[in-house]
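Since the structure comes first, as structure tokens, the remarks are kept for the end.
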Amino acid sequence: MGTTVATNALLERKGERSALCVTKGFRDLLYIGNQARPKIFDLTVSKPSPLYEEVIEADERVLLSNKRSMTTASGSDSVSKSHFVTGISGETVEIVRPLDEEQLRPSLQDLLDRGINSLAVVFMHSYTFPYHEQAVERLATGMGFKQVSISSSLVPMVRAVPRGLTAVVDAYLTPVIKDYLSGFLSGFDEGLENVAVSFMQSDGGLTPQYKFSGHKAILSGPAGGVVGYARTTYGLETHKPLIGFDMGGTSTDVSRYDGIYEQVLETQIAGAIIQAPQLDINTVAAGGGSKLKFQVGVFKVGPESVGAHPGPACYRKGGEPAVTDANVILGRVIPEFFPSIFGPYENEPLDVDAAKKSISALCVEINDHRRKQDASSKAMTVEEVALGFLDVANEAMCRPIRELTEMKGYETAEHTLTCFGGAGPQHACAIARILGIKEVVVHRYCGILSAYGLGLADVIEEVQEPFSAVYGPSSMQEVLARAEMLTKQVRQKLGDQGFKEDHITTELLLNLHYDGTDTIMTVSSESNDFAGEFVKEFRREYGFELQKRSILISDVRIRGTGSTNILKPAELSKAHGQPQPEKLKHRVFFGTGWHETPVFVLEKLGYGHTIDGPSIIINGNSTIVIEPDCKASVTKYGNVKINVSVQTDGSTIGTKVDVVHLSIFNNRFMGIAEQMGRTLQRTSISTNIKERLDFSCALFSPDGGLVANAPHVPVHLGAMSSTVRWQLQHWGSNLKEGDVLVTNHPAAGGSHLPDITVVTPVYRDGDLVFFVASRGHHAEIGGITPGSMPPFSKAIWEEGAAIKTFKLVEGGEFQEDAISEILKAGVKVSQEDSDSRQEQRVPGTRRLEDNLSDLRAQVAANQRGITLIGELIDHYGLDVVQAYMWHVQENAEAAVREMLKSMGARAAKLFHATEEGPHVILEAEDYMDDGSIIHLKLTINKEKGEAEFNFEGTSPEVYGNWNAPEAVTAAAIIYCLRCLVDVDIPLNQGCLAPVSIIIPKGCFLSPSDKAAVVGGNVLTSQRVTDVILSAFHACACSQGCMNNLTFGDNSFGYYETIGGGCGAGPTWSGASGVQCHMTNTRITDPEIFEQRYPVVLREFGLRKGSGGVGKHSGGEGIVRTIEFRAPVTVSILSERRVHSPKGLDGGSAGSRGQNLLILKDGRVLNIGGKNTVHVSSGEILKISTPGGGGWGSQDSV
């Protein structure tokens, strides 16, 4: 069986009332998560609400014996002498505080008294020391809790946040599943007591009903589909690898199969992170019920759905236009072959007229827009509009397929596409053509293949244990001994379910990763050469290997399979004669117009029948569309195999803007930028880029204008255009094909020195046709402090290697020796440039190998972009692609102009702004902690939709490092404009076209070339953003900095940014404990943090009461308390320690931040917003980040 009970309960938030039990000091850990906000342009920072109602803290604590630590934990909260044990993983565990069960008992009883009967438990390092969690499980179960989900039992893997969130999901959903099973089984005689009832799990295997749990049930439906096409197509219909395309009503699931089920260890569904082995299934919000819209001159499909009720317009319930309506209008869905279940009484057929009427309304809107753009444009017909929406939907559905294949090193075109689901076969040929796939298989049971797959699945039993060791002969001996013990457990479990020994197979899997990285790969090996298989898989997926790094084992898994062999595919006998179409006359609209299209019924076709397109094959309630120039045949298993012709030449569309292709090119350009980003993340090795995601990738038109910037780090957005244009102007005709440039200097369009940009010019037939660029934060590039983020730098030479321009690759050759010399050289400072009277020498990079590896990754990311745009040019032609590079910018410009017209009119009416003719003048200002002022005079032309951002009155360049290059202010402006547009438009140069920016030379937003700037990118950018949004009266001020923390010594370095409170708005309260505005980088998981570095994380939670009060409260900041277990140098670079984040419209300010150092003798020192301190073992740093400002008077609540 399969069920959507768990999925529906999660989506609808109708699970069991539950609570969370965590280690003391981590009450808000799962709420904060990794700090990143889901959508970077959403000022409301909408996040799914937690699944748990209450949190209780357990007085317990264990630590790992860290190789960098010089001492045991000796914090003031230790209440007993530490003692040491060996954890399950082999790591040494220090028990600082044993679990105090009696302290916990009253809190648990209070939960029961309030009707909360389900409990999730996650304690720090419980993956290797589960005994405290197990004690809570015994205690809570004995007290009467119906469900206790402990993280160490569900997911014995390091990383507290995903493990804890998985336990929460399990506690929330398992009682719902149990209730469902109880009701289901009670409907049978004797409750099916002697019948084996199995359920599909998210990993593609069956499990007995008594072991079916919430965290493994979420993807049970889609998993059945993967098993279905894998077992019925691979090796039977084709020997090519398969891409599964499962299109339903609200979404489309894509997957891949090449003889083994591809799994991932972590996924996110409905805002819930689940860490457990599960099939790798990518979902896109485009299905038959996806809404069709026309917004800011662009066709939009989804992500909103019309749902089952009222459903698409053709369902006769007054629904909005959807993908299904487009298919109905074009003749791809035939009402005569659908049951009469529609209308208010569910007894009428599909309504073609209603579908036409709904899309006709869109057609009027679209043609009005086109006439305004070009009075001579020919009106689009309803059919052309409907087909345009299908083209856009198909392009959107191809993006996750490319991610699943190309991003893992596979060639998409070398696959067979297997289409199923209610709507999948209607789009099969079109999807295949876009992807260059020549073969499609549609199963005879395509409409119910996910259910059919349940009958083909095997029973799976898995056992996993953590194992922490360097891969080698001695550790492998221990692994094999551990595996033998686990294998016995798995075989016993399968044997207990009735499987005989010859029906049981087991497989040893190891989770491996390179030392210093979190990129875990699950590896199997028949010869037990797991390291060799790991290196081979790593090289295939990431394009390189890390030869000088050890391979670490993190987990040992045994996967046991009990073979069911319930269903066998039946073969058909060879058919005779020609296939006979149905008698009805039918027409289908394709790109070349209406076509007379024969209709066949699959049940009446036999093995060997072939059908030329265009044609339609009816398969139950599914419609298989065979497009022109395609040929279908019925296989001996009764399935339909379609040979797809190559995609037609795209150059016929012309260079004149077309609203359909505008949407398609927006999608393709953004997809290319996103793939560049994923390539950079995959091929880099540094924590900053690979795990914190502190990077951005973009493509540019020949003049350096931004075409598409994937939504990575906002402070990079729009800023790279200045960099590309500077390089273009500097090099001119001296740029050659095969050159790649590297730069980080603020005077050359950079932000701060750690952000290194790699720019690649691209040529065709000798002409420069576009640029690609990638910017990544390098954790070390030299300078006066490790980590290259010195709090007290006064000049740029103190901050590291400064590169205005250099050919990193020349003539196709990577200039490793030359760039190494630049990065290592450091700076020798003459007396006139130095405060001291003696000559100074500032060191170069301390991590050259990491720099070189990440630079190569940036070059690889750029090359990925070049390849993808090259494919686009090969298909459409250079003229067309370049024309649409301009068209997408014009489209973004139009959207921003409309927003500015609206905002100008609104400001004049509501904010008492000064009006001078068509101009509306707004002003805002704020102070940095040193007293420097940022002043903005914003003038909006409400008739033309233009704006002038004038920063005259801003303070002079500072003798500090929070000077911000002009590109940073441009990035803040483009970010704010994109947020205020509030519809999904591409982020490109067009956003700044209606804008002029005036920044006085010599102010700290336009400093000299010699100015220190390392803090401008991470501090001042946030304050500029607050000022801009205040001027627009959009929201109150947010925390106003990124709370940059670095620490280390000569052997290592660590860098993080800490979230805080967001400002409230006119209809929302500010989000708490998140990265605000100009950053969205992640923070290291607490267990990884303590495992790798000599620290104890004493507290990580929300700073209660720090948000400003008002009608809508500001978000709360974060408290992060770190005890150091070895002497290190600590640097903090922060703002809002003097001036509070302002409220708006009567709301009060948020609380200022504070940085405290607690010495071993008990003294507490306020170290200020910017400082470097040398700490001893046992000393504690407590960082309290600012809250957000409130909105509106509290009296108006």
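All residue numbers for the sequence shown refer to the UniProt record's numbering, where the first residue is 1 and numbers rise by one. The C-beta atom is built at its ideal place from N, Cα and C for all residues, glycine as well. As the structure is a computational prediction, the values presented were derived from the model and not from experiment.
6 Å CB neighbourhood of residue i in its chain, flanking five on each side removed
| i | result |
| --- | --- |
| K641 | V441, S633 and T635 |
| D879 | T655 |
| Q1194 | V1109 and G1110 |
| D351 | C314 and R316 |
| V601 | I618 |
| I269 | I218 |
Inter-residue Cα distance where the pair is residue i and residue j
| i | j | result |
| --- | --- | --- |
| A285 | A396 | 9 Å |
| N1080 | P714 | 7 Å |
| T561 | Q497 | 12 Å |
| P711 | N988 | 11 Å |
| M1042 | E465 | 38 Å |
| K488 | A308 | 48 Å |
| V195 | Y210 | 12 Å |
| G593 | D984 | 31 Å |
| P986 | A924 | 28 Å |
| G1107 | Q815 | 51 Å |
| Y884 | A393 | 19 Å |
| G297 | S151 | 49 Å |
| K378 | V888 | 21 Å |
| G591 | L387 | 8 Å |
| F212 | C1035 | 46 Å |
| A73 | Y1093 | The predicted position of A73 is uncertain, since its pLDDT is 49 and thus under 50; a value taken from the coordinates is nonetheless stated next. Each residue's Cα considered, the two are about 13 Å apart. |
| D817 | S902 | 55 Å |
Residue i classed as buried or exposed, judged by whether at least 16 other C-beta atoms fall within 10 angstroms
| i | result |
| --- | --- |
| K548 | exposed |
| Q578 | exposed |
| W962 | buried |
| H912 | exposed |
| V1164 | exposed |
| I334 | buried |
| R764 | exposed |
| A860 | buried |
| V470 | exposed |
| Q580 | exposed |
| P1141 | buried |
Residues of its chain near residue i, where Cβ-Cβ distance is below 8 Å and the 5 sequence neighbours each way are ignored
| i | result |
| --- | --- |
| L855 | V742, I756, V758, L808 and I819 |
| R841 | G826, V827, K828 and V829 |
Identity of the residue in the options nearest residue i by Cα
| i | options | result |
| --- | --- | --- |
| G1016 | G244, G750 and T7 | G750 |
| G1168 | G1178, K1160 and R1152 | R1152 |
| E383 | D374, I359 and A393 | I359 |
| I796 | R159, K1010, F1052 and D1049 | K1010 |
| P598 | H586, G591, L546 and Q35 | H586 |
| R399 | V254, K1001 and A698 | V254 |
| G436 | T416, L185 and R978 | T416 |
| E537 | M521, S474 and S550 | M521 |
| H595 | I618, T679, D629 and I558 | D629 |
| T418 | R1125, M903, N639 and K293 | N639 |
| I558 | F665, H752, P277 and T723 | P277 |
| S573 | G606, G1048, E403 and G812 | G606 |
| I822 | Q858, A801 and E813 | A801 |
Same chain, Cβ closer than 7 Å to residue i, five either side skipped, listed in chain order
| i | result |
| --- | --- |
| K804 | T743, H745, A747 and A748 |
| K293 | K300 |
| P614 | V588, F590, H595, T597, I626, E627 and P628 |
Rounded Cβ spacing between residue i and residue j (contact assumed at less than 8 Å)
| i | j | result |
| --- | --- | --- |
| M899 | L980 | 6 Å |
| A166 | V155 | Note on identity: in this sequence residue 166 is Thr, with Ala being the wrong assignment. That belief holds up - the Cβ atoms of T166 and V155 are roughly 5 Å apart, short of 8 Å. |
| F287 | T252 | The residue you asked about is not Phe; residue 287 is Gly in the sequence shown. Indeed, because the Cβ distance is near 6 Å, the residues count as touching under 8 Å. |
Check: residue i C-beta below 6 Å from any heavy atom of the ligand NAD
| i | result |
| --- | --- |
| G812 | Ligands displayed in this structure: none; no statement on the ligand NAD is therefore possible. |
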